[in-house]
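By the count of my numbering, the sequence shown reaches residue 403 at its end, each step adding exactly one.
We put the CB at the ideal spot given by N, CA and C, even for glycine.
What follows is a set of notes on a single structure, which appears directly below.
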Amino acid sequence: MDDSVKTDSAKYSLGAAGPAERIGLRRRYPTIAYLRRRARRHVPRFAFEYLDGGAGADGGIARNWRALDAVELIPRYGRTTALPATAIELFGRPYAAPIGIAPMGGPAIVWPGADRCLAQAAQLARIPYALGSVGGMTIEAAAKLAPDVLWFQLYRFADHGHAVGFDLARRAEAAGVQVLMLTLDVPVRTTRPREVASGITTPFRPGLAMALSMALSPRWLRALWKNGNPRFSNLLPYLGADATLAQAALFVRDRMRGAFTWDEVARYRERWKRPLVVKGILHPQDAEKAVALGVDGLVVSNHGGRQIDALPAAIDALPAIAAQVGTRATVLWDSGVRSGVDVARALALGASAAFAGKAFLWGLGALGEDGPSHVIDLLVEELRATLGQVGAEVADARTVEVRHEGALRFEAPSPG
Ligand SMILES: Cc1cc2nc3c(=O)[nH]c(=O)nc-3n(C[C@H](O)[C@H](O)[C@H](O)COP(=O)(O)O)c2cc1C
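Here it is, written out as structure tokens:
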């Protein structure tokens, strides 16, 4: 790394660790790929398989990565001698970087206490943190830890006139959540084979192999002892306080879906007065539909390759969707971030910010509590170095010339 980057990034302290610890972490884990390798050995097998495994034979994950690697940024020199700043505004709020933590269910399986670690790291770094509706922390607790950066993701709980879904949105509003994200891209439940083969099933019946792999992960066990079993904390008010984890898992299996209809999006739009985002868009006409219903933003995403492995890479769908939406809504993107270079690619192709899921879980799996801040540090530094190299700022990243042969081209809609 060039000296000016070192000096600059040392000043730019986003993480929780002190300067000496941060240098140590950077030496041992200079990229997110190092964290992934370490996580594989550091947490029980089922925890790693849960986080790392995709649909089918991981083909969707591989496609996301391949498609990102194929996006080339063409540099322009002689424009600037300084590394760019990364601060941005999203939905009228300031954030330190165009990088967010994607909503996730069950991060506490990967590292007990993970939801708290993610919320704290995001607040410290001032980057968006999206709590998942099946995450392991209540909206109210998250709002205490991350008051300036909290977003909330909702799946579809449609029973009794959407009673649970509407109540979760009411609680989010009362807690001060800034952005509500409705996930659209889980219309069916699909299987992630690595997860099933490692013993994560509903109903949940832990076996001997699971117990053994926990015993072989003493730091993970210590975190479990300190934080307790993972829970579906947000759902407990609808289940009864003494509901077991198995009962909660059955409730989620039977009552939760991820496929809001457009009519339902419109109903949430009527109720939720703050910024509303739909997550999981891969077609410009779906983006158009969302914009027509008055959403403020959308996330171009293939759910990180976790649904089926025939979906296109989200990065390949991004330019057409960004062109369709223009300035009528904020275009966000996720699915495949392994570095700040990937974030820069997404900005160049029209996203206002990129979210990462697995990268944060690899950080947690490798480093426990210190993981999320180290991931943020790496992503921000790599983003600045990439933009600095190609002669761009965050604000004008979309003017960077790009070679993107995989970009999807959609037929123009027929009139009427
Ligand atoms: C373990 C795990 C759990 C997830 N749970 C949810 C969820 O509850 N709701 C949701 O909208 N997306 C969920 N996602 C998808 C992420 O929000 C995001 O779209 C995806 O992880 C982005 O791809 P990446 O992992 O390659 O960064 C989950 C992803 C992972 C890895």
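Between His391 and Leu336, the CB-CB gap stays under 8 Å. Short of 7 Å from the beta carbon of Trp249, and not among the five residues preceding or following it, lie these beta carbons of its own chain, in chain order: Lys276 and Leu280. When DSSP states are grouped into helix, strand and coil, Gln140 belongs to the strand group.
Uninterrupted alpha helix (DSSP H) stretches at least 4 residues long and entirely within the segment 340 to 376 occur at 345 to 354, given in chain order. Between Asp172 and Lys266, the gap from beta carbon to beta carbon is short of 8 Å.
The alpha-carbon separation between Val312 and Gly227 amounts to approximately 43 Å.
If you draw a 10 Å sphere on the C-beta of Ala161, you find fewer than 16 other C-beta atoms in it, and that means exposed.
Beta-carbon to beta-carbon, Ala117 and Pro90 are separated by about 4 Å, close enough to satisfy the 8 Å threshold. Between Ser220 and the set Trp212, Ala230, Leu211 and Lys213, the nearest pair of CA atoms involves Ala230. Inclusion of Val121 in the 7 Å shell around ligand 1 follows from its C-beta lying nearer than that to a non-hydrogen atom of the ligand. Note on the segment 220 to 268: whole beta strand (DSSP E) runs with a minimum of 3 residues are 263 to 268, in chain order.
If you draw a straight line from the Cα of Lys213 to the Cα of Glu356, it comes to about 12 Å.
Of the candidates Val30, Arg143, Asp273 and Gly378, the residue whose Cα lies closest to the Cα of Asp241 is Arg143. For a cut-off of 8 Å, the C-beta gap from Ile96 to Ala34 is around 5 Å, short enough to register as a contact.
Less than 8 Å separates the beta-carbon of Gly122 from that of Asp102.
Linking Ala301 to Val287 through their CA atoms gives a straight-line distance of about 6 Å.
Under the three-state reduction of DSSP, Val387 is assigned to coil, being neither helix nor strand. Note that the C-beta distance between Trp320 and Ala307 is not below 8 Å. In summary, Gln272 is exposed, with fewer than 16 beta-carbon neighbours lying within 10 Å of its beta-carbon over all protein chains present.
Exclusion of Gly46 from the 7 Å shell around ligand 1 follows from its C-beta lying no nearer than that to any non-hydrogen atom of the ligand.
Counting of Cβ neighbours within 10 angstroms places Glu368 among the buried residues, the total reaching 16 or more. Across the structure, Arg254 and Val151 are spaced so that their CA atoms are roughly 14 Å apart. Between Ala202 and Pro99, the CB-CB gap reaches or exceeds 8 Å. Boundaries cannot be given for Gly378, as no beta strand (DSSP E) includes it and DSSP labels it neither H nor E. At a Cβ-Cβ threshold of 8 Å, Tyr82 and Val166 do not count as neighbours.
Between ligand 1 and the CB of Met91, the shortest heavy atom gap is smaller than 7 Å.
In the same chain as Arg385, and ignoring 5 residues on each side of it, the C-beta atoms closer than 7 Å to its own belong to Leu334, Ala335 and Gly337, in chain order. By the CB criterion at 8 Å, Leu366 and Ala343 fall inside the cutoff. Secondary structure note for Val121: it is in no beta strand (DSSP E), with a DSSP letter that is neither H nor E. Annotation: Val330 is outside any beta strand (DSSP E); the continuous alpha helix (DSSP H) that includes it extends over Gly327 to Ala335.
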